[in-house]
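Novice: Taking the UniProt record's numbering, the leading residue of the sequence shown gets 1, the next gets one more, and so forth.
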Amino acid sequence: MDDRSLKVGIVGYGHLGQFLVEKIQREGPKVGLQLAFVWNRNPDKLKDLLPKELVLHELSDFTHRVTDVIVEVCHPRIVKEFGVRFLSHAHFLVGSPSALSDPQLEQELRTAAKQHGKTLYVPSGALWGGQDIQKMNDSGTLRALSIRMSKHPSCFRLTGGLLSDWTEGEGRRVLYSGSVAELCPIAPNNVNTMAAAAIAASKLGFHGVTGEIVSDTALADYHIVEVEVIGPDGFSVKTVRQNPAKLGAVTGNATYNSFWSSLLVCKGHGGRVYLC
Numbered sequence: 001m002d003d004r005s006l007k008v009g010i011v012g013y014g015h016l017g018q019f020l021v022e023k024i025q026r027e028g029p030k031v032g033l034q035l036a037f038v039w040n041r042n043p044d045k046l047k048d049l050l051p052k053e054l055v056l057h058e059l060s061d062f063t064h065r066v067t068d069v070i071v072e073v074c075h076p077r078i079v080k081e082f083g084v085r086f087l088s089h090a091h092f093l094v095g096s097p098s099a100l101s102d103p104q105l106e107q108e109l110r111t112a113a114k115q116h117g118k119t120l121y122v123p124s125g126a127l128w129g130g131q132d133i134q135k136m137n138d139s140g141t142l143r144a145l146s147i148r149m150s151k152h153p154s155c156f157r158l159t160g161g162l163l164s165d166w167t168e169g170e171g172r173r174v175l176y177s178g179s180v181a182e183l184c185p186i187a188p189n190n191v192n193t194m195a196a197a198a199i200a201a202s203k204l205g206f207h208g209v210t211g212e213i214v215s216d217t218a219l220a221d222y223h224i225v226e227v228e229v230i231g232p233d234g235f236s237v238k239t240v241r242q243n244p245a246k247l248g249a250v251t252g253n254a255t256y257n258s259f260w261s262s263l264l265v266c267k268g269h270g271g272r273v274y275l276c
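1. Please classify Met1: does DSSP put it in a helix, a strand, or coil?
2. From which residue to which residue does the alpha helix (DSSP H) around Phe82 run?
3. Threshold first: 4 residues or longer. Then list the alpha helix (DSSP H) segments lying entirely within the UniProt domain "Aspartate dehydrogenase" (171-255), N to C.
4. Would you kindly check if the distance between the Cβ of Gly231 and the Cβ of Leu145 is under 8 Å?
5. According to DSSP, simplified to helix, strand and coil, what is Ser146?
6. Between Arg65 and chain C, is the shortest Cβ-Cβ distance under 8 Å, so that the two count as touching?
7. Which two residues bound the contiguous alpha helix (DSSP H) that contains Glu22?
8. Under the three-state reduction of DSSP, which class applies to Ala126: helix, strand or coil?
9. On the DSSP letters alone, give me the boundaries of the beta strand (DSSP E) that His116 sits inside.
10. Quick check on DSSP: helix, strand or coil for Ala99?
11. Taking the C-alpha atoms as reference points, what is the distance between Ser154 and Gly248?
12. When the Cα of Cys74 is compared with those of Asp221, Leu219, Lys52, Phe19, which residue comes out closest?
13. Candidates His91, Val180, Leu59, Val209: which alpha carbon is nearest Ile133's?
14. Counting C-beta neighbours from all protein chains within 10 Å, is the total for His91 16 or more, i.e. buried, or is it exposed?
15. Would you call the CB atoms of Ser179 and His207 closer than 8 Å?
16. Do Thr141 and the ligand GTP come close, with the Cβ less than 7 Å from some heavy atom?
17. Compute the beta-carbon to beta-carbon distance between Ala196 and Leu275, rounded to the nearest angstrom, for a pair I have assumed lies under 8 Å.
18. Answer with buried or exposed for Thr251, where buried requires no fewer than 16 other C-beta atoms within 10 angstroms of its C-beta.
19. Quick one: Cα of Val84 to Cα of Arg77, how far?
20. In chain order, what residues of the same chain lie with their CB nearer than 7 Å to the CB of Asn257, ignoring the 5 residues before and after it?
21. Go ahead and label residue 281 buried or exposed: buried means 16 or more other beta carbons lie within 10 angstroms of its beta carbon, across all protein chains shown.
22. So, Arg157 versus Asn189, is the Cβ gap smaller than 8 Å?
23. So what's Lys7 in DSSP terms, helix, strand or just coil?
24. Mind the definition here: the segment 168-176 touches the segment 214-223 only if three or more C-beta pairs lie below 8 Å; say whether that holds.
25. Would DSSP call Lys52 helix, strand or coil?
26. For the beta strand (DSSP E) containing His57, list its first residue and its last residue.
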């Protein structure tokens with residue numbers, strides 16, 4: 001393996017983590033990526049699937065591995081507990097940006113990135129037009145941003161039993177409509193697309209970006225993400241993204257390759273937050 005390859009640590013071995021690990025194993029040598037370690041909450045899940053030297057049993061031992069980029073694809077709690085420490089050691093691609101709805105944590109991560117000369121990467125995931133939103137934000141022309149995510153009820157992972165009473169064939173039900181800041185704790189695993197949008201639209205922030213989640217039993221084969229951007233003098237853009245997905249899947253199929261594309265741009269941008 002070329003020593004110049006980017007050494008990647010994967011934190012989480014759910015569907016997305018498995019996809020990234022297999023992709024690096026298969027295509028990494030061609031694109032300059034190499035696995036540094038893989039951690040999963042239950043290490044037994046990794047037994048016989050990966051070489052023993054790649055399995056990290058205790059996440060706090062990540063500092064013992066030579067790593068260029070750490071990729072979190074498990075839960076916002078890991079971002080809160082380890083994000084600052086990750087950035088003291090490597091660039092950090094945060095797959096659960098809903099964690100950044102906590103303003104104190106977001107500031108701590110930004111400070112750590114700057115202090116250590118590392119980059120906090122936020123993958124765009126299912127967000128369409130994220131770079132354009134970021135450009136409008138940076139130029140001061142972004143007036144409002146709203147995102148609606150519609151999925152089959154089996155695809156939501158919500159706190160407080162918010163959707164525990166759904167029945168097949170009930171149709172469409174609006175579960176929440178309001179600020180993304182208040183939505184993230186309710187649906188931490190489902191609204192990372194909205195969190196990425198709030199990062200791109202930093203001048204509006206999590207409190208200024210509007211999010212809506214909709215349960216729809218008719219959506220058995222795909223998720224729908226609708227984005228509306230408002231600019232000055234009557235300017236507006238509306239996009240509708242239909243992402244194929246299996247019943248019960250939190251992540252749509254196209255989002256996997258979007259994450260892979262985000263990982264490929266992790267070459268270091270020097271102490272900043274970078275939407276990729």
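Glycine included, C-beta positions come from ideal geometry on N, C-alpha and C.
Specialist: The relevant details are as follows:
1. Any reading at Met1 must be qualified, since the residue scores a pLDDT of 44, below 50, and its modelled position is unreliable; the value itself is stated next. In this structure, Met1 counts as coil in the three-state DSSP scheme.
2. 76-87
3. 180-183, 192-200, 205-208
4. no
5. strand
6. Of the protein chains in this structure there is only one, and it is not chain C.
7. 15-31
8. coil
9. No beta strand (DSSP E) contains His116, which is instead part of the alpha helix (DSSP H) from 103-116.
10. helix
11. 5 Å
12. Phe19
13. Val209
14. buried
15. yes
16. Of ligands this structure carries none, so the ligand GTP is not represented either.
17. 7 Å
18. buried
19. 12 Å
20. none
21. Summary: the structure shown does not reach residue 281, with the chain confined to residues 1 through 276, and so no result is reported for it.
22. yes
23. strand
24. yes
25. helix
26. From DSSP, His57 is part of no beta strand (DSSP E); its letter is neither H nor E.
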